[in-house]
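The sequence shown: position 33 = 33 (the numbering used here), numbered continuously. Idealized CB from N, CA, C, for every residue including glycine. Below: one structure, written as C-alpha coordinates.
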Amino acid sequence: MNLDDQADQDQALTVPCPFPPHGCAQPAGAPCVRVSDGQPLDRAPAHIARLKAAGVVHAPLDPRELARAHERTPRR
1 MNLDDQADQD QALTVPCPFP PHGCAQPAGA PCVRVSDGQP LDRAPAHIAR LKAAGVVHAP
61 LDPRELARAH ERTPRR
(Lines of atoms letter the chains of each structure in order from A; the text may use other names.)
(Lines give C-alpha, C1' and ligand atoms only; values in the text may rest on other atoms or scores of the structure.)
Protein backbone atom coordinates (compact mmCIF):
# COMPACT_ATOMS: atom_id res chain seq x y z
CA MET A 1 0.00 0.00 0.00
CA ASN A 2 1.43 3.38 -0.96
CA LEU A 3 1.30 6.49 1.24
CA ASP A 4 -1.81 7.85 -0.48
CA ASP A 5 -3.63 4.56 0.06
CA GLN A 6 -2.57 4.53 3.72
CA ALA A 7 -3.84 8.09 4.21
CA ASP A 8 -7.12 7.17 2.49
CA GLN A 9 -7.50 4.09 4.67
CA ASP A 10 -6.80 6.10 7.83
CA GLN A 11 -9.50 8.58 6.84
CA ALA A 12 -11.94 5.79 5.88
CA LEU A 13 -11.50 4.12 9.27
CA THR A 14 -13.18 7.14 10.89
CA VAL A 15 -16.60 5.98 9.63
CA PRO A 16 -18.30 2.56 9.52
CA CYS A 17 -18.45 0.74 6.20
CA PRO A 18 -21.96 0.49 4.69
CA PHE A 19 -23.76 -2.84 4.60
CA PRO A 20 -23.53 -5.06 1.50
CA PRO A 21 -23.80 -4.77 -1.44
CA HIS A 22 -21.89 -1.47 -1.21
CA GLY A 23 -19.62 -2.36 1.68
CA CYS A 24 -18.79 -4.95 4.31
CA ALA A 25 -20.47 -3.49 7.45
CA GLN A 26 -17.21 -3.22 9.40
CA PRO A 27 -17.44 -0.75 12.29
CA ALA A 28 -15.41 2.47 12.41
CA GLY A 29 -11.81 1.61 13.24
CA ALA A 30 -11.89 -1.84 11.60
CA PRO A 31 -10.45 -2.26 8.08
CA CYS A 32 -12.68 -3.39 5.22
CA VAL A 33 -12.85 -7.05 4.28
CA ARG A 34 -14.11 -8.98 1.26
CA VAL A 35 -17.71 -9.98 1.86
CA SER A 36 -17.18 -13.31 0.10
CA ASP A 37 -14.49 -14.68 2.42
CA GLY A 38 -13.80 -12.15 5.20
CA GLN A 39 -10.22 -11.54 4.07
CA PRO A 40 -8.78 -7.98 4.04
CA LEU A 41 -9.06 -6.02 0.81
CA ASP A 42 -5.84 -6.30 -1.17
CA ARG A 43 -6.33 -3.82 -4.02
CA ALA A 44 -8.08 -0.89 -2.33
CA PRO A 45 -7.73 0.94 0.98
CA ALA A 46 -11.49 0.55 1.65
CA HIS A 47 -14.80 0.05 -0.15
CA ILE A 48 -15.69 3.01 -2.38
CA ALA A 49 -18.89 3.74 -0.42
CA ARG A 50 -16.86 4.00 2.78
CA LEU A 51 -14.26 6.24 1.15
CA LYS A 52 -17.05 8.53 -0.07
CA ALA A 53 -18.69 8.58 3.36
CA ALA A 54 -15.35 9.57 4.91
CA GLY A 55 -14.93 12.41 2.42
CA VAL A 56 -12.02 10.93 0.48
CA VAL A 57 -12.02 12.55 -2.96
CA HIS A 58 -9.56 12.09 -5.80
CA ALA A 59 -9.79 13.80 -9.16
CA PRO A 60 -9.10 11.46 -12.06
CA LEU A 61 -5.68 12.03 -13.54
CA ASP A 62 -6.83 11.11 -17.01
CA PRO A 63 -10.31 11.01 -18.58
CA ARG A 64 -9.77 7.34 -19.38
CA GLU A 65 -9.80 6.63 -15.63
CA LEU A 66 -13.45 7.62 -15.31
CA ALA A 67 -15.68 4.63 -14.64
CA ARG A 68 -18.55 5.37 -17.03
CA ALA A 69 -18.00 5.66 -20.74
CA HIS A 70 -20.44 8.55 -21.16
CA GLU A 71 -18.29 10.68 -18.79
CA ARG A 72 -15.19 10.33 -20.96
CA THR A 73 -14.23 12.99 -23.42
CA PRO A 74 -12.86 11.86 -26.75
CA ARG A 75 -9.13 12.17 -27.33
CA ARG A 76 -8.09 14.83 -29.79
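Compare the Cα-Cα distances from P27 to each of Q6, D5, A46 and D37 and report the closest residue. As a working mapping, residue 27 is identified with position 27 in the sequence shown. With distances taken between Cα atoms, P27 lies closest to A46.
Do P18 and R50 come within 8 Å of each other at the CB atom, strictly closer than that value? The count along the sequence shown starts at 1 and reaches residue 50 at position 50. The count along the sequence shown starts at 1 and reaches residue 18 at position 18. Yes, Cβ-Cβ distance for R50 and P18 is below 8 Å.
Thinking just about the alpha-carbon of each residue, which of V15, P20 and V56 is nearest to the one in G29? Here residue 29 refers to the residue found at position 29 of the sequence shown. It is V15 whose Cα lies nearest to the Cα of G29.
For V57 and Q11, which I take to be in contact (beta-carbon distance under 8 Å), what is that distance rounded to the nearest angstrom? Within the sequence shown, numbered from 1, the residue matching residue 57 stands at position 57. Within the sequence shown, numbered from 1, the residue matching residue 11 stands at position 11. In fact, because the Cβ distance is near 10 Å, the residues do not count as touching under 8 Å.
Local Cβ density within 10 Å of G23, reported as buried at 16 or more and exposed below that: Against the sequence shown, residue 23 aligns to sequence position 23. Result: buried.
For A7, count the other beta carbons within 10 Å of its own beta carbon; 16 or more makes it buried, fewer makes it exposed. Which is it? Taking the first residue of the sequence shown as position 1, residue 7 is located at position 7. So A7 counts as exposed.
Straight-line Cα distance separating L41 from L13: Numbered from its first residue, the sequence shown carries residue 13 at position 13. Numbered from its first residue, the sequence shown carries residue 41 at position 41. Computed Cα separation, rounded: 13 Å.
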